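Protein chains in written order, with my numbering: chain H, 39 to 147; chain X, 29 to 407. Just so you know, even glycine gets a beta-carbon here, dropped at the ideal spot from N, CA and C. Since this is a predicted model, take the numbers as computed values, not measurements. Note sheet for the following structure.
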């Protein structure tokens, strides 16, 4: 079962980071176990371009399609047996402390 | 139809495990119940009603699955269910426990957990759930459907967590039952699902006999529910604990609750609350003991308020009034009512009457307003 894990900032991060996990250790462990299929950090929202086609015309706008205080800064594709395993992997990610993570299943069509 | 109720969860839980199909599982269980309602009054109740229901449900499931492109292996597995001649190993643990943990999974919203538990485990019709939680039936149907879709799409596992995970997850399950017990009132203001909550707590105790908090929760339910007939007077007015007609308390329920507590260690908040409820069923309340139990609970505003009362009764009104001063986040009328009661006990009756009247002015409901005015009149 594949899950997309969106890595986001949060306006109320954990302030006590003693005991927070390390990102390199997280990547290494989950790459080795095969639970992290791929993933990347994303550029700043200011580098985003939003694309729409309306009436045959390609419309571009500068910036992300949703302006929010919480910003998606990266993603990972996880391969997990079920949601509980995905939750465990997410909870061990440092951004679960300083930001927030959204895990969504990939849907086979 | 007690046999039907007891079998319902078992049928649904096992069919979900084997087929993964929630709708099919519920349809088959409901059809078995409907068949029983039709046949039993005519032909008599079978010797093994639970077995009869499971057989009907299983055969229906096999019928339905044959029409779909389900794999042969799965069909065979369903056909073997609840068959005494099946090889052992088909029942792995109790599926009902898996179903409870899945319905109460923290990735679902609390309201969805409550609705799903009532619908799927207790078999309560969606319309009844909707009425008790004051939403339209289509809204409740959507809520339940959405939760089931999430379970399937996000693959919420169908299992009982173990070890540290169980410690983390069990309070969430107990919280759903507690919410069932305390909320969801019918038109008369009676908790509509208190009996369901007790039934589910009994089931959970039978499935997890070694978890003290599960037993504590059942004891708490029994001890609180034992007073259900004494809580209102003939005209529907709320009667506070100290004024209730003890003859209307359910002694059997009290005895059962106390017996459970007698063999249950106090490891968490439910057992502590059950101990408090048990103290209140004693001939003479041991307020020092009650105060001690309140000291062990997390200080939510409601706990702080009750703690102030208990300390006031145990150690004198001044002790209670001192604790009262520190409480925030509680409706003014509740604070004023406790202050009035403790003030009356300290002997200042004029001020107590004044406080009861102010509490009545701020009362959230007519029933409570009237009860407070009565107190003012009696002081």
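Handout entry: residue 143 of chain H classed as buried or exposed, judged by whether at least 16 other C-beta atoms fall within 10 angstroms
Key = What you label residue 143 of chain H is simply residue 105 of the first chain in a count that begins at 1. Buried, since its Cβ has 16 or more Cβ neighbours within 10 Å.
Practice task
Tell me where the beta strand (DSSP E) around residue 46 of chain H begins and ends.
Solution key: In the first chain, residue 46 of chain H corresponds to position 8, counting from 1. Residue 46 of chain H -> beta strand (DSSP E) spans 40 to 47.
Problem - Endpoints, the alpha helix (DSSP H) within which residue 57 of chain H is located - result: What you label residue 57 of chain H is simply residue 19 of the first chain in a count that begins at 1. Neither: residue 57 of chain H is in no alpha helix (DSSP H) and is coded neither H nor E.
Problem - When X/52, X/138, X/56 and X/50 are compared against residue 35 of chain X, the one with the closest alpha-carbon - result: Here the question's residue 35 of chain X lines up with position 7 in the second chain. The candidate whose alpha carbon is nearest that of residue 35 of chain X is X/56.
Problem - Segment contact flag, the segment 57 to 68 of chain H with the segment 42 to 60 of chain X, C-beta cutoff 8 Å, min 3 pairs - result: no
Exercise for the section: Could you confirm whether any beta carbon from chain H is found closer than 8 Å to the beta carbon of residue 184 of chain X? Expected result: What you label residue 184 of chain X is simply residue 156 of the second chain in a count that begins at 1. Residue 184 of chain X counts as touching chain H.
Exercise for the section: Kindly provide the ranges of any alpha helix (DSSP H) runs that are 4 or more residues long and lie completely inside the segment 85 to 160 of chain X, ordered along the chain. Expected result: 100 to 108, 123 to 131, 138 to 144 and 154 to 160
Exercise for the section: Examine the Cβ distances between the segment 65 to 80 of chain H and the segment 107 to 124 of chain H and report whether three or more of them are shorter than 8 Å. Expected result: yes
Exercise for the section: Under the assumption that residue 26 of chain X contacts residue 171 of chain X (Cβ atoms under 8 Å), give the Cβ distance between them as a whole number of angstroms. Expected result: The question about residue 26 of chain X has no answer, for chain X in this structure spans 29 to 407.
Practice task
Quick one: residues in its chain with C-beta nearer than 8 Å to the C-beta of residue 46 of chain H, no 5 flanking neighbours on either side, listed in chain order?
Solution key: Numbered from 1 along the first chain, position 8 holds the residue referred to as residue 46 of chain H. Hits under 8 Å: 108, 109, 110, 111, 133, 137, 138, 139 and 140.
Problem - Alpha-carbon spacing of residue 102 of chain H relative to residue 86 of chain H, whole angstroms - result: As a first step, residue 102 of chain H is located in the first chain; it is residue number 64 there, counting from the start. As a first step, residue 86 of chain H is located in the first chain; it is residue number 48 there, counting from the start. Distance between the alpha carbons of residue 102 of chain H and residue 86 of chain H: 5 Å.
Exercise for the section: Can you tell me which of the three DSSP states residue 188 of chain X falls into? Expected result: As a first step, residue 188 of chain X is located in the second chain; it is residue number 160 there, counting from the start. In the structure shown, residue 188 of chain X sits in coil (DSSP, three-state: anything other than H, G, I, E or B).
Handout entry: C-alpha gap between residue 204 of chain X and residue 91 of chain H, whole angstroms
Key = As a first step, residue 204 of chain X must be located in the second chain, where it is residue number 176. As a first step, residue 91 of chain H must be located in the first chain, where it is residue number 53. Near 47 Å, if we compare the C-alpha coordinates of residue 91 of chain H and residue 204 of chain X.
Problem - Per DSSP, the bridge partner or partners of residue 100 of chain H - result: Position 62 of the first chain, counted from the start, is the residue given in the question as residue 100 of chain H. Answer by DSSP bridge pairing, in chain order: H/87.
Practice task
Please confirm whether residue 267 of chain X and residue 259 of chain X have their CB atoms less than 8 Å apart.
Solution key: Locating residue 267 of chain X in the second chain gives position 239, where the first residue counts as 1. Locating residue 259 of chain X in the second chain gives position 231, where the first residue counts as 1. Result yes, Cβ atoms of residue 267 of chain X and residue 259 of chain X sit closer than 8 Å.
Handout entry: Within 7 Å of chain H by C-beta, residues of the segment 43 to 64 of chain X in sequence order
Key = none
Handout entry: residue 175 of chain X to residue 369 of chain X span [Cα, whole Å]
Key = Here residue 175 of chain X refers to the residue found at position 147 when the second chain is read from its first residue. Here residue 369 of chain X refers to the residue found at position 341 when the second chain is read from its first residue. Straight-line Cα distance between these residues: approximately 46 Å.
Problem - DSSP three-state assignment for residue 79 of chain X, whether helix, strand or coil - result: Within the second chain, residue 79 of chain X is the residue found at index 51, counting from 1. It is helical.
Problem - Separation of residue 386 of chain X from residue 364 of chain X, as counted between CA atoms - result: The residue given as residue 364 of chain X occupies position 336 in the second chain. The residue given as residue 386 of chain X occupies position 358 in the second chain. If you take the alpha carbons of residue 364 of chain X and residue 386 of chain X, they lie about 7 Å apart.
Problem - According to DSSP, residues forming a beta bridge with residue 117 of chain H - result: Counting from 1 along the first chain, the entry for residue 117 of chain H is found at position 79. Residue 117 of chain H is bridged to H/40.
Exercise for the section: Mark residue 126 of chain X as exposed unless 16 or more other C-beta atoms lie within 10 angstroms of its C-beta, in which case mark it buried. Expected result: Numbered from its first residue, the second chain carries residue 126 of chain X at position 98. So residue 126 of chain X ends up on the buried side.
Handout entry: Within chain H, the residues that residue 181 of chain X reaches when beta carbons sit closer than 7 Å
Key = Taking the first residue of the second chain as position 1, residue 181 of chain X is located at position 153. Within 7 Å Cβ-Cβ: 143 and 145.
Handout entry: Any non-hydrogen atom of the ligand SAM closer than 7 Å to residue 41 of chain H Cβ
Key = Among the components modelled here there is no ligand, and therefore nothing to report on the ligand SAM.
Exercise for the section: Name, please, each residue of chain X whose Cβ falls closer than 7 Å to the Cβ of residue 39 of chain H. Expected result: Sequence index remark: in the first chain, residue 39 of chain H carries index 1 (1-based). Here the neighbours are 183.
Exercise for the section: Using beta-carbon positions only, say whether residue 299 of chain X and residue 241 of chain X come within less than 8 Å of one another. Expected result: To locate residue 299 of chain X, count along the second chain from 1; it is residue 271. To locate residue 241 of chain X, count along the second chain from 1; it is residue 213. In this structure, residue 241 of chain X lies closer than 8 Å to residue 299 of chain X by Cβ.
Practice task
State the DSSP-derived secondary structure class of residue 110 of chain H, mapped to helix, strand or coil.
Solution key: Translated into positions along the first chain, residue 110 of chain H becomes position 72. Residue 110 of chain H: strand per DSSP, three-state reduction.
Exercise for the section: Determine the burial state of residue 97 of chain H: buried for a count of at least 16 other Cβ atoms within 10 Å of its Cβ, exposed for fewer. Expected result: Position 59 of the first chain, counted from the first residue, corresponds to residue 97 of chain H. By the 10 Å Cβ count, residue 97 of chain H comes out exposed.
Handout entry: 8 Å contact criterion, which residue 251 of chain X and residue 285 of chain X should meet: CB distance rounded
Key = Your numbering for residue 251 of chain X matches position 223 in the second chain. Your numbering for residue 285 of chain X matches position 257 in the second chain. Indeed they touch by this definition, with Cβ atoms about 4 Å apart.
Practice task
Give a yes or no on whether the minimum CB-CB distance between residue 121 of chain H and chain X is below 8 Å.
Solution key: Start at 1 with the first residue of the first chain, and residue 121 of chain H comes out as number 83. It does; some Cβ of chain X falls within 8 Å.
Handout entry: Exposed unless 16 or more other CB atoms sit within 10 angstroms - verdict on residue 123 of chain X
Key = Position 95 of the second chain, counted from the start, is the residue given in the question as residue 123 of chain X. By the 10 Å Cβ count, residue 123 of chain X comes out buried.
Handout entry: Whether residue 345 of chain X touches residue 326 of chain X by CB criterion (8 Å)
Key = Position 317 of the second chain holds residue 345 of chain X. Position 298 of the second chain holds residue 326 of chain X. No.
Problem - The alpha helix (DSSP H) enclosing residue 295 of chain X, as first and last residue numbers - result: As a first step, residue 295 of chain X is located in the second chain; it is residue number 267 there, counting from the start. Here residue 295 of chain X belongs to no alpha helix (DSSP H), and DSSP marks it neither H nor E.
Handout entry: Beta carbon proximity, residue 34 of chain X to chain H, threshold 8 Å
Key = Position 6 of the second chain, counted from the start, is the residue given in the question as residue 34 of chain X. Residue 34 of chain X does not count as touching chain H.
Practice task
Please determine, among X/379, X/146, X/388 and X/319, the residue with the shortest C-alpha to C-alpha distance to residue 37 of chain X.
Solution key: Taking the first residue of the second chain as 1, we reach residue 37 of chain X at position 9. Comparing Cα-Cα distances from residue 37 of chain X to each of X/379, X/146, X/388 and X/319, the minimum goes to X/146.
Problem - CB of residue 88 of chain X within 8 Å of CB of residue 107 of chain X, strictly - result: Sequence index remark: in the second chain, residue 88 of chain X carries index 60 (1-based). Sequence index remark: in the second chain, residue 107 of chain X carries index 79 (1-based). Not in contact: residue 88 of chain X and residue 107 of chain X (Cβ atoms no closer than 8 Å).
Practice task
Can you pull the chain H residues whose beta carbon is under 8 Å from the beta carbon of residue 135 of chain X, in chain order?
Solution key: The residue you call residue 135 of chain X lines up with position 107 of the second chain. Under the 8 Å cutoff, chain H gives 121 and 125.
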